[in-house]
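S.K.:
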Amino acid sequence: MPQISAAILRLMLLGLTVPVMAGTISVQANLANHEPFAGAVVSVRAESSHAANAPISAIVDQINLTFVPDIIVIPVGSTVEFPNTDSVSHQIYSFSPTKRFQLPLYHGKPYPPVHFDQAGVVTLGCNIHDRMVGYIVVTDATYFGRTDAHGIWFATNVPRGTYHVSVWHPLLRDAADSLERDVSITGDESATATVQLAQALRPAPLPATVRSRDAY
Amino acid sequence: MSALRTLVVASALGALAPGMAWCTDWELSADMRLVDSDGQRSLFDGGFGALQYDREHDGVQIGQLRAALNQPLGNVWALKVDASYYGQDDQHPLGVTEAYLEYRPYPIDGWRTRVRIGAYYPPVSLEDTASGWTSPYTLSNSALNSWLGEEVRTIGVEGQLEWLGTRMGHDFDLGMTGAIFGWNEPAGTVVGTGGFSLNDFQTSIPQGYVGGRGDAAFPEQPIFHEIDGHEGFYVGADARYLDRVTLLALHYDDRANPTAVDLAGNEAWDTHFNSAGVKVDVGGGWTAIVQWLAGTTAVVYSGDANSYPFHARFALISREWGRNTVSARYDVFGIESNAEQDLGAETGHAWTVAYIFNQSLRWRFALEWMHVTSDSAARVVVLDEPAYARENQTQLSVRYTIGSGR
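Chains A and B are the protein sequences, given in the same order.
The number in the numbering used here is simply the position in the first sequence, starting from 1, with 1 added.
The number in the numbering used here is simply the position in the second sequence, starting from 1, with 30 added.
(1) Since Ser170/B meets chain A, which of its residues come closer than 9 Å, beta carbon to beta carbon?
(2) What is the DSSP secondary structure of Met206/B, counted as helix, strand or coil?
(3) Can you tell me whether DSSP reads Gln237/B as helix, strand or coil?
(4) Any beta carbon of chain B sitting closer than 9 Å to that of Leu106/A?
(5) Looking only at its own chain, which residues have a Cβ that is under 7 Å from the Cβ of Arg353/B, when we skip the five neighbours before and after it?
(6) Checking contacts by CB at 9 Å: is Gly121/A closer than that to chain B?
(7) Can you grab the Cα-Cα spacing for the pair His87/B / Ser67/B, in whole Å?
(8) Give, in chain order, every residue of the segment 63-96 of chain A whose Cβ lies closer than 7 Å to some Cβ of chain B.
(9) Could you tell me which chain B residues have their CB closer than 7 Å to the CB of Gln103/A, listed as they occur along the chain?
(10) Just grab the DSSP bridge partners of Ser155/B for me.
(11) Taking the straight line between their C-alpha atoms, what separation do you get for Lys110/B and Leu99/B?
(12) Given 8 Å as the limit, is there contact between the segment 306-320 of chain B and the segment 282-289 of chain B, that is, 3 or more CB pairs closer than that?
(13) Terminal residues of the continuous alpha helix (DSSP H) containing Ser176/B?
(14) Give the interface partners of Thr140/A over in chain B, defined as CB-CB distance under 7 Å, in chain order.
(15) Tell me which residue opens and which closes the beta strand (DSSP E) that Arg71/B is part of.
(16) Mind checking Ala52/A: buried by the 16 CB within 10 Å criterion, or exposed?
(17) By the criterion of Cβ-Cβ separation under 7 Å, what are the contact partners of Val128/A in chain B?
(18) Check whether the Cβ of Pro166/B lies closer than 9 Å to any Cβ atom in chain A.
(19) Could you name the residues of chain A that Trp163/B contacts, counting a contact when the two beta carbons are closer than 8 Å?
(20) Can you tell me whether Asp372/B is helix, strand or coil according to DSSP?
(21) Using only the alpha-carbon positions, how far apart do Arg436/B and Thr223/B sit?
(22) According to DSSP, His91/A sits in a beta bridge with which residue or residues?
(23) Along chain A, in chain order, which residues have C-beta atoms closer than 9 Å to that of Gly140/B?
(24) Hey, quick one: how far does the alpha helix (DSSP H) through Arg409/B stretch, first residue to last?
(25) Quick one: is Tyr418/B buried, meaning 16 or more other Cβ sit within 10 Å of its Cβ, or exposed?
(26) Could you tell me whether the Cβ of Ala160/B comes closer than 9 Å to any Cβ of chain A?
(27) Going by DSSP, name the residue or residues bridged to Gly121/A.
(28) Could you check the C-alpha separation between Arg420/B and Trp322/B for me, to the nearest Å?
(29) Run the proximity test for Pro160/A: is its beta-carbon closer than 8 Å to any non-hydrogen atom belonging to the ligand NAP?
(30) Whose Cβ in chain A lies nearer than 8 Å to the Cβ of Ala355/B?
(31) Give the straight-line distance between the Cα atoms of Gln190/B and Ser427/B, rounded to the nearest whole angstrom.
(32) Would you call the segment 89-99 of chain A and the segment 22-33 of chain A touching, i.e. three or more CB-CB distances under 8 Å?
(33) Note down, in chain order, every chain A residue with its Cβ under 9 Å from the Cβ of Asn287/B.
(34) Which value, in whole angstroms, describes the spacing of the CA atoms of His116/A and Val74/A?
(35) Could you check whether the Cβ of Val134/A sits closer than 9 Å to any Cβ belonging to chain B?
(36) Starting from the Cα of Gly109/A, find the closest Cα among Asn158/A, Cys127/A, Lys100/A and Phe83/A and give me that residue.
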């Protein structure tokens, strides 16, 4: 009996150590001035079909007349709750073709989560406070995320194949298709896609202040 | 057409929406002032001084007591009412400065309409962007916007159409505005007979007026009256570059018959003006505003057709950091007159420097210094005083606000 168990264990270990030919895709995104592009949304799609990512439940809060976080990336089929933590009422809407919805004037959390069943970018606004803007990136990509402070994002254990890398950010002026790259994983190596912006980003939205909360 | 139908259906549904989401927003505030002034008799006391507080009215003053209500009526309609008491206005303990119904449906495919019905300000001021149509930069408005507060209110219907390009990946939002109004034909009285002033007063509706009490130099005249039955109009446009630059332009014409007088002796003043402004937020808390307004007001009085071309402009620069705001503004204003002895003619300029500390959403402390130099023919003709005046005013303000959002 102990011999059988040892054999099974050996087989399991063997299974774990068999090369699966999985590599790493990393993306280095740089601004036009060659500084790192932090916070860029990276999507990596496999050329061949792949299993869809599991939906998640996310929260976009409203704090000090700001969507928090201002950008989220969620798989298709996910839901998002929009609590209003501010003491003032908000009236949230999206007229983006990806998902049109409206949450009439509210405080707190009176509405059920909103279901996002189609890939694309959803721009959030408040019909009372026009300066509020937020983005939900609903993605069907195999791998996705946002670049770190060094402008880097990576995915590990990427199976062999060809992948299409795209980068998006609401402040981008570069055409989206100029930032697309193809990378191939042929073994357990690392493939890097470098995305260099040609144009400066739009200025970031001005932060909400005590003064901006006291609005006519 | 289908978009219009969607709009109509959406607004109807909005009006019928259940009340669970109706959130009444309200505010009450008290603004007390400690004033030092060497100013001449002010506009509010029937004089020709350019300051809000004259040397007879400094010391502790009630700046403004204000009550405001924003009552949603369904999802896309709201009732907005603002009422204030000002220390200068001993005739109207609590006057309504604005009261209107607003229809503001959700944007459809990047387009949004807004309709206002009632009494409210035309879209001219880039300065008065804080609650209650007050300035977040200074205590006193520019001469240009002080005049709006004294004499101008849209009492009618205004429609606005906006294209929200920035929500669709563009750099610009664009808007157009048009209105038809009435009950404001005496507008022009103050600028034509009293001249420009720099203050934060807002004349109340419907019976409010500026100045003209006791031995006043010019007669009291309620501002919000319809006299000749001609409706006025304005058309305007605005453009915004991201949240950094705002451009605003308006053409206004009250289309009043300057010979018309009602039974109470109130005169219609034919007033029309163009205004334009630009506001730039460059980041780092820096804001710059330049506004310009020029027009003419005319009245026929005792058979004489008196015409008063007028202009007012200002440049303001402001820096906000943390809870602090420091602002400086330079005003220029002038009125020409074809009346005898140039009565009504005026030239002037003003410097204003203000520090505002928003300690919290409830407490605000402010210190403002103002210096106005002006030359007014009326001082000579009516009061037998020198035409030229240099006036100084320093105000310390403490304001406490409570409300649903505070």
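Virtual Cβ for every residue (Gly too), placed ideally from N, Cα, C.
Remember, it's a predicted structure, so these values are computed and weren't measured experimentally.
M.R.: Concretely, from the data shown:
(1) The premise fails here: Ser170/B is roughly 17 Å from chain A at the closest Cβ pair, so nothing lies under 9 Å.
(2) strand
(3) coil
(4) yes
(5) Phe387, Asn388 and Gln389
(6) no
(7) 8 Å
(8) Ser88, Val89, Ser90, Tyr94 and Phe96
(9) Tyr136
(10) Beta-bridge pairing links Ser155/B to no other residue.
(11) 6 Å
(12) no
(13) Ala173 to Glu181
(14) Those do not exist, as Thr140/A stays about 18 Å from chain B at its closest Cβ, beyond 7 Å.
(15) Run containing Arg71/B: none; DSSP gives neither H nor E here.
(16) exposed
(17) Residue identity check: residue 128/A is Asn in the sequence provided, not Val. Result: Arg134 and Tyr136.
(18) yes
(19) Tyr217
(20) helix
(21) 41 Å
(22) Tyr107/A
(23) Phe96
(24) Ala407 to Val411
(25) exposed
(26) yes
(27) Val139/A
(28) 23 Å
(29) With respect to the ligand NAP, the structure offers nothing, as it holds no ligand at all.
(30) Ala is not the amino acid found at residue 355/B; the sequence shown has Thr there. Per Cβ cutoff of 8 Å: Arg212.
(31) 36 Å
(32) no
(33) Those do not exist, as Asn287/B stays about 33 Å from chain A at its closest Cβ, beyond 9 Å.
(34) 14 Å
(35) yes
(36) Phe83/A
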